[in-house]
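Okay, structure first, notes after.
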Amino acid sequence: MTLMRGKVYVSQQEQYIDFLMGFGGWYLLNGLAWLLIGFDHGWLEGDSYGVPNLFLFPLNVILLIIFLIFRRWIGLGILSALALNLLIALAMNIATNGTCAVPFWVSPS
Amino acid sequence: MQPILFRIGGVPIYSHGFFVLLGLTAGIVVLILEARRRHWPKEEVVPITLATFVGGMIGARLSIVFLNGWETAPVVLNFYNLFDPRYGLGSILGAVAGAYIGGYAASRAIGKAGCACDAFAPAMALAMVIGRFGCFLVAEDGLGKATDLPWGVHVPNVEYLVHPTPLYDAAFNLIWFGVLMLLRDHRSMQNGNLLKFGLAGYAFFRFWVEFLRNNRILALGLTAHQFVCIGLLLALGVYFWRQRRQLASSGAAGIVG
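First to last, the protein sequences are chains Z and V.
Note that the first sequence covers residues 1 to 109 in this note's numbering.
Note that the second sequence covers residues 1001 to 1257 in this note's numbering.
Listed below in structure tokens is the structure:
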């Protein structure tokens, strides 16, 4: 099954613009949301998260899928921003020792 | 155990993060080489690889809610924690599932016909070989259950020897990497079958090694990871059975025709 293809790009410039919109837009909107609702959360204080934060995860994923289908290059921009952020986190992880189970592992009694 | 591998200018370089990154890099190199060998155009490789990576990272984290319990949800479901390097990546089983879903969704979204995902199968196995050394060196999850076998190892704060389960994982994946490389050109292992076969192999191995690990029992004496493995094996078993039946019926039709 192949999903319906979205916008047909006629020039490379259009692709670049859409890519930058997705890439920059992701940082801009998530940065704003972080300032508004996520900023005050410290290390391992996830239990104090607000309700809006709960929606950010699915919202990001849903928007990504929608854009990948209908405006592929915006979707690619979002995907690249997400991947870059995750790569930075992975690289920083070398110096922070956040092993797979931190802080999720529950010792079996 | 050696949680700190070395220091650069006083900054500790931790084993876990180092080997995860090294494993990921090795996996990407294998993927690129495989993609080239399979003449997979970069217009498809790049978005599918990106989606696989992002899907894998998200899947690894989200699966923690199922595998480790609902009490982890407040941390796991906080979107910003996904990018916090002080938090762990999550579960490899969730990563595999997320990567598969991400890659599949991206390939459908860009309108790719057919499946080039077989290039991921050996890449994933090799990445796990290397990554597991990091888990071993930090004695993740206490490594494993008690053993008196000669290769049992000491972990901090435990007086008995334990199974070095990450090394079992690494050893299996090294063998599995070789098997997948040998099978990669087999005609029945194309169009996604190599990846599915690779996943089935790991799920089978993981089901058994879970008995030696310290993960939480969910029900019937089995861990959540084992239930995931059973589900995955059943789904893949049905897939291969249906495919075999289709091939048999089309072969029979060919003979009759």
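For each residue, glycine too, the CB sits at the ideal point set by N, CA and C.
Query: Touch test, the region 80 to 94 of chain Z against the region 1091 to 1110 of chain V, Cβ-Cβ under 8 Å, three pairs minimum; Result: no
Query: Which listed residue (G1059/V, M1124/V and L1137/V) has its alpha carbon closest to that of N135/Z; Result: The structure shown has nothing for residue 135/Z, since chain Z only spans 1 to 109.
Query: Nearest neighbour of L1182/V, chosen from Y1014/V, A1146/V and D1118/V [CA to CA]; Result: D1118/V
Query: Neighbourhood of F1019/V by C-beta, 7 Å cutoff - its chain only, sequence neighbours within 5 removed; Result: I1130, G1131, F1133 and G1134
Query: Simplified DSSP assignment, three categories, for V1020/V; Result: helix
Query: Contact with chain Z by M1124/V, beta-carbon distance below 9 Å; Result: no
Query: Same chain only: Cβ atoms within 7 Å of F67/Z, ignoring 5 sequence neighbours per side; Result: G22, I74, G75 and I78
Query: Stretch pair the region 1186 to 1193 of chain V + the region 1163 to 1176 of chain V: three plus CB contacts closer than 8 Å; Result: no
Query: Where L44/Z falls: helix, strand or coil (DSSP); Result: The predicted position of L44/Z is uncertain, since its pLDDT is 43 and thus under 50; no value can be drawn from it.
Query: Cβ pair A95/Z, Y1087/V closer than 9 Å; Result: no
Query: Cut-off 7 Å between Cβ atoms - residues of its own chain near P1003/V, not counting five sequence neighbours on either side; Result: Y1014, S1015, L1137 and V1138
Query: Same chain, Cβ closer than 6 Å to F1120/V, neighbours up to 5 away in sequence not counted; Result: L1195
Query: Residues bridged to R1007/V [DSSP beta-bridge criterion]; Result: P1012/V
Query: G1178/V, buried or exposed, once every other Cβ within 10 Å from all chains shown has been counted against 16; Result: exposed
Query: N-terminal and C-terminal residue of the beta strand (DSSP E) that I1217/V is part of; Result: I1217 to A1219
Query: Cβ pair A1127/V, L1024/V closer than 9 Å; Result: yes
Query: Sub-9 Å separation of L1232/V and L1180/V beta-carbons; Result: no
Query: Contact set between W34/Z and chain V, taken where Cβ atoms lie within less than 8 Å; Result: Y1080
Query: Under the three-state DSSP convention, the category T1072/V falls into; Result: helix
Query: Proximity test, Cβ basis, 9 Å: L29/Z and chain V; Result: no
Query: Integer Cβ distance of L1077/V from F57/Z, believed to fall under 8 Å; Result: 6 Å
Query: Residue-level contact to chain Z via CB, M1128/V, 9 Å cutoff; Result: no
Query: Where Y9/Z sits in the DSSP three-state scheme; Result: coil
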